[in-house]
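Visitor:
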Amino acid sequence: MKIKDHFLSQEIFDIKETETPGVFKTSPIPSDLSRYYESEDYISHHQDSGSLKEKLYKFLQSFNLQYKKTILLDRISKGGKVLDYGCGAGQFVKFIENDFETLGFEPDPDARTAAAAKLKKASLVNDIRNIEDGTLDAITLWHVFEHIENQDEMLHLFHEKLKDKGLLIIAVPNPTSYDAKHYGPYWAAYDVPRHIFHFSKNGMENLIRKKSGWKLRKIKPLVLDSYYISMLSEKYRKSPFFWVKAVVHGTISNVKALFSNEFSSLIYIIEKR
């Protein structure tokens with residue numbers, strides 16, 4: 046499948062299935078990939094621009110933050126040690142810092158500066174290799190894993206840092222959801238080339254099954270993602286009344302997913318064995 050970078054460069058990229066069925070990779074990966082993040086509109090890395098898109102994002106984000114925290118509180122004790130890997134401007138780290146011993150890691154310098162300004166109890170780490178092995182109760186990656194090219198290396202590193210039965214929580218978009226199929230090459234969550242990998246539900250299950258030392262415990266939806274992704278997709282299509290269409294197709298996606306479990310974004314709760 047050929048996908049345009051609608052967000053920034055307007056360049057065309059291929060998405061090809063890897064040797065793991067259901068896992069796809071963007072090709073080619075630009076050697077200067079960091080350039081494709083250099084935009085004031087890249088919402089993970091900017092603050093309070095006041096745009097309509099950002100206001101919607103932050104409104105939905107407030108619900109998602111509570112939902113994500115509840116996932117942690119249901120599975121690990123208060124005061125447990127949590128690393129948010131790829132923490133962006135630090136919203137989730139800030140949100141949970143009173144409940145857990147919280148660490149954040151973010152490679153982008155501007156986002157890291159924004160995160161540091163928010164935090165009171167939590168702290169940022171420059172290199173997660175400096176975290177003592179076997180000390181983390183959970184590592185979270187909220188729409189981050191798809192950006193990582195050296196996934197085998199990082200999964201091994203995450204395994205080292207977690208306690209026995211510690212949790213790796215990965216949220217990624219689902220290209221076999223209704224909204225992905227409806228929007229096709231305009232589906233905003235392809236986000237090439239920033240999204241290097243793309244995981245169907247079966248693909249992520251296959252990937253974890255192949256990796257020794259991990260056990261997939263549960264899959265949960267991120268229900269609100271379908272609305273935001275549909276809104277962006279409608280804007281890429283230059284649709285009139287894109288708000289209305291986004292609500293309609295976001296809702297259809299979620300209703301269909303109640304039967305298929307193919308939500309627009311999925312959270313994989315994975316245990317270290």
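Quick note: the sequence shown, position 117, residue 162 per the numbering used here, numbers continuous.
Glycine is no exception: its CB is placed at the ideal position from the N, C-alpha and C atoms.
1) Indicate the three-state DSSP secondary structure (helix, strand or coil) for PHE203 in the structure shown.
2) Can you have a look at HIS201 and say buried or exposed, based on whether 16 or more other CB atoms are within 10 angstroms of its CB?
3) Under 6 angstroms Cβ to Cβ from PRO218, same chain only, skipping five residues before and after it: list those, please.
4) What is the DSSP secondary structure of HIS91, reduced to helix, strand or coil?
5) Run through DSSP, which three-state label would ALA216 get?
6) Are the CB atoms of GLY149 and LEU169 nearer to each other than 8 angstroms?
7) Could I get the ranges of all uninterrupted beta strand (DSSP E) runs contained in the stretch 147-204, with 3 residues as the minimum, in chain order?
8) How many angstroms separate the CA atom of GLY125 from the CA atom of TYR81?
9) Give the DSSP bridge partners of TRP259, in chain order.
10) Nearest-angstrom Cα distance between LEU213 and VAL300?
11) Using a 10 Å radius around the Cβ and a threshold of 16 neighbouring Cβ atoms, would you call GLY248 buried or exposed?
12) Does the separation of the CB atoms of GLY131 and VAL189 fall below 8 angstroms?
13) Could you spell out the range, first to last residue, of the alpha helix (DSSP H) harbouring HIS51?
14) Between ALA162 and ASN171, what straight-line distance do the alpha-carbon atoms span, to the nearest angstrom?
15) Tell whether a beta-carbon distance below 8 angstroms holds between ASP313 and ILE264.
16) Spatial neighbours of ARG318 within its chain, please: C-beta separation below 6 angstroms, excluding the five flanking residues on both sides.
17) What are the start and end residues of each continuous beta strand (DSSP E) run of 3 or more residues lying completely inside the stretch 100-126, in chain order?
18) Once you ignore the five residues that flank LEU78 on each side, which residues in its own chain have a CB closer than 7 angstroms to its CB?
19) Since GLU191 and HIS243 are thought to touch, with beta carbons under 8 angstroms apart, how far apart are those beta carbons, to the nearest angstrom?
20) Mind checking ASP178: buried by the 16 CB within 10 Å criterion, or exposed?
21) Quick one: using the 10 Å Cβ neighbour count with 16 as the cut-off for buried, is ILE88 buried or exposed?
22) Would you give the residue range spanned by the alpha helix (DSSP H) that PHE140 belongs to?
23) Suppose you measure from the CA of PHE140 to the CA of LYS103; what does that come to, to the nearest Å?
24) Across which residues does DSSP place HIS243 in a beta bridge pair?
25) I'd like to know whether the C-beta atoms of THR71 and ASP129 end up nearer to each other than 8 angstroms.
26) Tell me which same chain residues have a C-beta within less than 6 angstroms of the C-beta of LYS290, skipping the five on either side of it?
Guide: Inspection of the coordinates gives the following:
1) Residue numbering aside, residue 203 sits at position 158 when the sequence shown is read from its first letter. Here PHE203 sits in helix by DSSP.
2) Here residue 201 refers to the residue found at position 156 of the sequence shown. So HIS201 counts as exposed.
3) Within the sequence shown, numbered from 1, the residue matching residue 218 stands at position 173. Result list for PRO218: ALA234, SER310, in chain order.
4) Counting from one through the sequence shown, the residue named residue 91 turns up at place 46. Note that HIS91 scores a pLDDT of 47, beneath 50, so its modelled location is shaky and nothing firm can be said.
5) Counted from its first residue, the sequence shown places residue 216 at position 171. In this structure, ALA216 counts as strand in the three-state DSSP scheme.
6) Counting from one through the sequence shown, the residue named residue 149 turns up at place 104. Counting from one through the sequence shown, the residue named residue 169 turns up at place 124. Yes, Cβ-Cβ distance for GLY149 and LEU169 is below 8 angstroms.
7) 181-187
8) Counted from its first residue, the sequence shown places residue 125 at position 80. Counted from its first residue, the sequence shown places residue 81 at position 36. Cα-Cα distance, rounded: 36 angstroms.
9) Position 214 of the sequence shown holds residue 259. In DSSP, TRP259 forms a bridge with LYS317.
10) Start at 1 with the first residue of the sequence shown, and residue 213 comes out as number 168. Start at 1 with the first residue of the sequence shown, and residue 300 comes out as number 255. Distance between the alpha carbons of LEU213 and VAL300: 28 angstroms.
11) The sequence position of residue 248 within the sequence shown is 203, counting from 1. GLY248 comes out buried.
12) Along the sequence shown, read from residue 1 onward, the residue named residue 131 stands at position 86. Along the sequence shown, read from residue 1 onward, the residue named residue 189 stands at position 144. Going by C-beta atoms, GLY131 is nearer than 8 angstroms to VAL189.
13) Stepping through the sequence shown from its first residue, residue 51 is reached at position 6. Taken as a continuous stretch (DSSP letters only), HIS51 belongs to no alpha helix (DSSP H), as it is neither H nor E.
14) Working through the sequence shown from its first residue, we reach residue 162 at position 117. Working through the sequence shown from its first residue, we reach residue 171 at position 126. Roughly 16 angstroms separates the two Cα atoms.
15) In the sequence shown, the residue the question calls residue 313 occupies position 268. In the sequence shown, the residue the question calls residue 264 occupies position 219. As written in the sequence, residue 313 is Tyr, which differs from the Asp given in the question. Their beta carbons are under 8 angstroms apart, which means TYR313 touches ILE264 by this criterion.
16) Locating residue 318 in the sequence shown gives position 273, counting from the first residue. GLY258, LYS260.
17) none
18) Here residue 78 refers to the residue found at position 33 when the sequence shown is read from its first residue. Excluding sequence neighbours, LEU78 sits near PRO238.
19) As a working mapping, residue 191 is identified with position 146 in the sequence shown. As a working mapping, residue 243 is identified with position 198 in the sequence shown. About 7 angstroms; that satisfies the 8 angstroms criterion.
20) As a first step, residue 178 must be located in the sequence shown, where it is residue number 133. Exposed, by the Cβ-count rule.
21) For this step, residue 88 is matched to residue 43 along the sequence shown. Only weak support exists for where ILE88 lies, its pLDDT of 49 falling under 50; the value from the coordinates is given anyway. Buried, by the Cβ-count rule.
22) Counting from 1 along the sequence shown, the entry for residue 140 is found at position 95. 136-141 is the extent of the alpha helix (DSSP H) around PHE140.
23) Position 95 of the sequence shown, counting from 1, holds the residue named residue 140. Position 58 of the sequence shown, counting from 1, holds the residue named residue 103. Spanning the two alpha carbons is a distance of roughly 13 angstroms.
24) To locate residue 243, count along the sequence shown from 1; it is residue 198. DSSP, once it has assigned bridges, lists PHE69 as partnering HIS243.
25) Taking the sequence shown and counting its residues from 1, the one referred to as residue 71 is at position 26. Taking the sequence shown and counting its residues from 1, the one referred to as residue 129 is at position 84. No.
26) In the sequence shown, the residue the question calls residue 290 occupies position 245. Result list for LYS290: GLU279, SER284, in chain order.
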